[in-house]
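Engineer:
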Amino acid sequence: MAMLSLEIITPEKILVKEEVDMVEANGSLGEFGILPGHTELLTSLEIGEVRYMKDGKTFTLAMSGGIAEVVNDKVTLLLDTGELAETIDVARAQIAMEEAQERLKDLTIDSAEYRKYELALLRAITRIKVASARKL
Amino acid sequence: MATLRDIKRKIGSINSTQTITRTMKMVSAAKLRKAQDELDKIKAYALKMEELVRRVTRMLPVDSHPLLTTRDEVKKVLILSIASDRGLCGAFNVNIGLLAENFTIQNRDQYERIGVWVFGRKVKDYLARRKVDIFKEWVDIKKVDQELVEAIASELALLYINGEFDKVYLSYTHFASPVKQIAVFEELLPIQTENGAETEAATFEYLYEPDRDAIVETLLPKYLSTKIYYALVESQTSEHGARMSAMENATSNCGEMVRYLTLIYNKRRQENITSEMMDIVGGAEALRGT
Numbered sequence: 001m002a003m004l005s006l007e008i009i010t011p012e013k014i015l016v017k018e019e020v021d022m023v024e025a026n027g028s029l030g031e032f033g034i035l036p037g038h039t040e041l042l043t044s045l046e047i048g049e050v051r052y053m054k055d056g057k058t059f060t061l062a063m064s065g066g067i068a069e070v071v072n073d074k075v076t077l078l079l080d081t082g083e084l085a086e087t088i089d090v091a092r093a094q095i096a097m098e099e100a101q102e103r104l105k106d107l108t109i110d111s112a113e114y115r116k117y118e119l120a121l122l123r124a125i126t127r128i129k130v131a132s133a134r135k136l
Numbered sequence: 137m138a139t140l141r142d143i144k145r146k147i148g149s150i151n152s153t154q155t156i157t158r159t160m161k162m163v164s165a166a167k168l169r170k171a172q173d174e175l176d177k178i179k180a181y182a183l184k185m186e187e188l189v190r191r192v193t194r195m196l197p198v199d200s201h202p203l204l205t206t207r208d209e210v211k212k213v214l215i216l217s218i219a220s221d222r223g224l225c226g227a228f229n230v231n232i233g234l235l236a237e238n239f240t241i242q243n244r245d246q247y248e249r250i251g252v253w254v255f256g257r258k259v260k261d262y263l264a265r266r267k268v269d270i271f272k273e274w275v276d277i278k279k280v281d282q283e284l285v286e287a288i289a290s291e292l293a294l295l296y297i298n299g300e301f302d303k304v305y306l307s308y309t310h311f312a313s314p315v316k317q318i319a320v321f322e323e324l325l326p327i328q329t330e331n332g333a334e335t336e337a338a339t340f341e342y343l344y345e346p347d348r349d350a351i352v353e354t355l356l357p358k359y360l361s362t363k364i365y366y367a368l369v370e371s372q373t374s375e376h377g378a379r380m381s382a383m384e385n386a387t388s389n390c391g392e393m394v395r396y397l398t399l400i401y402n403k404r405r406q407e408n409i410t411s412e413m414m415d416i417v418g419g420a421e422a423l424r425g426t
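Chains Z and E supply the protein sequences, listed in that same order.
Read in order, the letters of the first sequence are residues 1 to 136 in this note's numbering.
Read in order, the letters of the second sequence are residues 137 to 426 in this note's numbering.
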């Protein structure tokens, strides 16, 4: 069966480099999935999850945006930051989430600061979600 | 003429210099290893990004983004010179300084204005002494961090789009291996495209999400900051490599010097003994005569 060769790369390191059956990610127009034979695609990614399936198993990552390219069954994800579910430090994410929530309370909605902490909150929530989903 | 004691003192001083250079070499080696790890981390990302941008821009019309457009009239040129704050690393800083200096001299008549954004105290001093226009400077960058680079990149992009500069060059030291570093001088903006250079690969059209302009709008600034980030990290790695070899040379030169001086010292000592003996013998001879 045709496979996708997936590469997930962050400025920190190469997170994933293997043959997989399917990739799902959170694009700027919502979630999308890629199967072998997909057309050439270039899309920006938003804060959210990346999932890929291999041999019936699903692997999950939390990421904070980036760019995805699909050419010739080669999927390349260039992420700003990314963490595999099993390496996420839930306690830290929890602290980050609480801090962001705290900050958001005293800020007005349209300030740049607000936007910044809103994104921080979103990242923290995604990380917690990804990490806890694995345990279930 | 140097006395025996002078030579001895000199040998002692060179020996202690050698101890220092040897230590510095070991420190640099340790720092180099760390910097190399850092470089390896970002390398994959930077290369992929480069590849991706090259592939994408090949299919774009040249005027689809201001960062891609080559301007017909180039008046103001900017050079980003990246080197280091500290010396004792051989020709590392001078090489980068020379590239900017030579470019300025050669093209002074061609352009209205040539300026430099400089990273590192040593190369800043070098260029300032040679009357090169320094627009901005960054010194004491301990660790390259994403935030700083992004600020620099977005400022650069903004100034470029506003027509503040028509062409931007990037000059840094490429890390080929621990003992080999190459100073490079390359065009940064407008972003180089291989438009029409190769038709075979350009036979497909991407499906862009949300749309092409939005993608290009996020991709190019990201590419720019990655490029600068990578150059900074490479430069730091090269610096440690350069310092390591410089200190290695210094250490071996010290050894050579000590060997040479020891030889002189022994010769001189022998001469002294010989002439003293001659004196004694001569004296005894004279006494016997009476």
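Ideal placement from N, C-alpha and C gives every residue a C-beta, glycine not left out.
All of these numbers come straight from a predicted model, not from anything done at the bench.
(1) Could you tell me how far apart the beta carbons of serine 307/E and isoleucine 215/E are, in whole angstroms, since I believe they sit closer than 8 Å?
(2) Kindly indicate which three-state DSSP category arginine 51/Z falls into: helix, strand or coil?
(3) Exposed or buried, which one is threonine 335/E when buried takes at least 16 other CB atoms within 10 Å?
(4) Can you tell which of Ser132/Z, Ile34/Z, Leu29/Z has its C-alpha closest to the C-alpha of methionine 53/Z?
(5) With DSSP as the reference, please indicate the residues paired to asparagine 26/Z in a beta bridge.
(6) How would you list, in chain order, the residues of chain E whose beta-carbon sits under 8 Å from the beta-carbon of threonine 167/Z?
(7) Quick one: does valine 369/E have its CB under 7 Å from some CB of chain Z?
(8) Provide the residue(s) that pair with glycine 251/E in DSSP beta bridges, ordered along the chain.
(9) So what does phenylalanine 301/E bridge to, in DSSP terms?
(10) Using 7 Å as the threshold, is the C-beta distance between cysteine 225/E and alanine 386/E below it?
(11) Please report the Cβ distance between leucine 360/E and alanine 289/E, rounded to the nearest whole angstrom; I am assuming they are in contact, meaning their Cβ atoms lie under 8 Å.
(12) State the beta-bridge partners of glutamine 317/E as determined by DSSP.
(13) Counting pairs of beta carbons, one from the segment 416-425 of chain E and one from the segment 263-277 of chain E, are three or more of them closer than 8 Å?
(14) Just checking my contact of valine 130/Z with alanine 62/Z at CB under 8 Å: how many whole Å lie between their CB atoms?
(15) For lysine 144/E, collect the residues of the same chain with a Cβ closer than 8 Å to its Cβ; drop the 5 residues on either side in sequence, then sort them by chain order.
(16) For the 8 Å Cβ check, are there 3 or more pairs between the segment 363-382 of chain E and the segment 172-179 of chain E?
(17) Which residues in chain E sit within 7 Å of lysine 13/Z, going by Cβ to Cβ distance?
(18) Name, please, each residue of chain Z whose Cβ falls closer than 8 Å to the Cβ of isoleucine 351/E.
(19) Helix, strand or coil for glycine 233/E, going by three-state DSSP, please let me know.
(20) Under a CB-based cut-off of 7 Å, is serine 64/Z close to chain E?
(21) Using DSSP bridges, identify the partner residues of lysine 160/Z.
(22) Taking only beta carbons into account, state which residues of the segment 162-187 of chain E come closer than 7 Å to chain Z, listed in chain order.
(23) Sort Phe255/E, Asn238/E, Ala166/E, Thr329/E by Cα distance to valine 189/E and report the nearest one.
(24) Where does serine 411/E land, buried or exposed, given buried means 16+ other C-beta within 10 angstroms?
(25) Run through DSSP, which three-state label would serine 411/E get?
(26) For leucine 78/Z versus isoleucine 9/Z, is the C-beta spacing smaller than 7 Å?
(27) If you pair each beta-carbon of the segment 249-256 of chain E with each one of the segment 273-292 of chain E, do three or more pairs fall below 8 Å?
(28) Beta carbons nearer than 7 Å to chain E: which residues of the segment 79-112 of chain Z have them?
(29) Isoleucine 9/Z versus chain E: which residues are under 7 Å apart at the beta carbon?
(30) Of the residues that make up the segment 397-425 of chain E, which ones have a beta carbon closer than 7 Å to any beta carbon in chain Z?
(31) So valine 213/E and lysine 303/E are in contact, right, with Cβ under 8 Å, and what is the actual spacing, rounded?
(32) Across the segment 39-51 of chain Z and the segment 66-83 of chain Z, are there enough close Cβ pairs to call them in contact, namely three or more that are closer than 8 Å?
(33) Can you tell me which residues form a DSSP beta bridge with alanine 62/Z?
(34) Using the beta-carbon count (16 or more within 10 Å), is asparagine 72/Z buried or exposed?
Structural biologist: Quick answer:
(1) Position 171 of the second sequence holds residue 307/E. Position 79 of the second sequence holds residue 215/E. Going by Cβ atoms, the distance from serine 307/E to isoleucine 215/E rounds to 6 Å, so yes, they are a contact pair.
(2) In the first sequence, counting from the first residue as 1, residue 51/Z sits at position 51. In the structure shown, arginine 51/Z adopts extended strand secondary structure according to DSSP, grouped into three states.
(3) Reading the second sequence from its first residue, position 199 is the one you call residue 335/E. Its pLDDT being 48, under 50, threonine 335/E is placed unreliably in this model, and the coordinates cannot settle the point.
(4) Start at 1 with the first residue of the first sequence, and residue 53/Z comes out as number 53. For the residues Ser132/Z, Ile34/Z, Leu29/Z, the minimum Cα distance to methionine 53/Z belongs to Ile34/Z.
(5) One-based indexing of the first sequence puts residue 26/Z at position 26. DSSP links asparagine 26/Z through a beta bridge to Glu31/Z.
(6) This structure cannot settle anything about residue 167/Z, because the visible part of chain Z is limited to 1 through 136.
(7) If you number the second sequence from 1, residue 369/E lands on position 233. Any Cβ of chain Z closer than 7 Å to the Cβ of valine 369/E would place that residue at the interface, and such an atom is absent.
(8) Taking the first residue of the second sequence as position 1, residue 251/E is located at position 115. Under the DSSP definition of a beta bridge, glycine 251/E partners with Leu214/E.
(9) Against the second sequence, residue 301/E aligns to sequence position 165. Looking at the DSSP output, phenylalanine 301/E bridges to nothing.
(10) Taking the first residue of the second sequence as position 1, residue 225/E is located at position 89. Taking the first residue of the second sequence as position 1, residue 386/E is located at position 250. Going by C-beta atoms, cysteine 225/E is not nearer than 7 Å to alanine 386/E.
(11) In the second sequence, the residue the question calls residue 360/E occupies position 224. In the second sequence, the residue the question calls residue 289/E occupies position 153. Correct: roughly 5 Å between the Cβ atoms.
(12) Start at 1 with the first residue of the second sequence, and residue 317/E comes out as number 181. DSSP output for glutamine 317/E lists Phe311/E as bridge partner(s).
(13) Three or more Cβ pairs closer than 8 Å define a contact, and the segment 416-425 of chain E falls short of that threshold against the segment 263-277 of chain E.
(14) Walking along the first sequence from the start, residue 130/Z turns up at place 130. Walking along the first sequence from the start, residue 62/Z turns up at place 62. For valine 130/Z against alanine 62/Z, the beta-carbon gap comes to about 4 Å, under 8 Å, which counts as contact.
(15) The residue given as residue 144/E occupies position 8 in the second sequence. Once the five neighbours on either side are set aside, the close Cβ partners of lysine 144/E are Tyr401.
(16) These segments touch.
(17) Your numbering for residue 13/Z matches position 13 in the first sequence. At a beta-carbon threshold of 7 Å, the residues of chain E lying near lysine 13/Z are Lys177, ordered along the chain.
(18) Position 215 of the second sequence, counted from the start, is the residue given in the question as residue 351/E. Here the neighbours are Leu42, Thr43, Ser44, Ile67.
(19) Position 97 of the second sequence, counted from the start, is the residue given in the question as residue 233/E. Assigned with DSSP and collapsed to three states, glycine 233/E falls in helix.
(20) In the first sequence, residue 64/Z corresponds to position 64, counting from 1. Serine 64/Z does not count as touching chain E.
(21) Absent from the structure is residue 160/Z, since the part of chain Z shown begins at 1 and ends at 136.
(22) Going along the segment 162-187 of chain E in chain order, one finds Lys177, Ile178, Ala180, Tyr181, Lys184, Met185 with a Cβ nearer than 7 Å to chain Z.
(23) Along the second sequence, one-based indexing puts residue 189/E at 53. A check of alpha carbon separations from valine 189/E across Phe255/E, Asn238/E, Ala166/E, Thr329/E identifies Thr329/E as the nearest.
(24) Indexing the second sequence from 1 puts residue 411/E at position 275. Counting Cβ neighbours within 10 Å, serine 411/E comes out exposed, since fewer than 16 surround it.
(25) Start at 1 with the first residue of the second sequence, and residue 411/E comes out as number 275. Residue state, collapsed to three classes: helix.
(26) To locate residue 78/Z, count along the first sequence from 1; it is residue 78. To locate residue 9/Z, count along the first sequence from 1; it is residue 9. In this structure, isoleucine 9/Z lies closer than 7 Å to leucine 78/Z by Cβ.
(27) Segment contact: the segment 249-256 of chain E against the segment 273-292 of chain E, three or more CB-CB distances shorter than 8 Å; contact assigned.
(28) Those would be none; no residue qualifies.
(29) Your numbering for residue 9/Z matches position 9 in the first sequence. At a beta-carbon threshold of 7 Å, the residues of chain E lying near isoleucine 9/Z are Ala180, Tyr181, Lys184, ordered along the chain.
(30) Listed in sequence order: no entries.
(31) Residue 213/E sits at position 77 when you count from the first residue of the second sequence. Residue 303/E sits at position 167 when you count from the first residue of the second sequence. The beta carbons of valine 213/E and lysine 303/E sit about 5 Å from each other, so the pair counts as a contact at 8 Å.
(32) Flag = yes, the segment 39-51 of chain Z and the segment 66-83 of chain Z touch.
(33) What you label residue 62/Z is simply residue 62 of the first sequence in a count that begins at 1. Beta-bridge pairing links alanine 62/Z to Glu49/Z, Glu83/Z.
(34) Within the first sequence, the letter at position 72 stands for residue 72/Z. Asparagine 72/Z should be labelled exposed.
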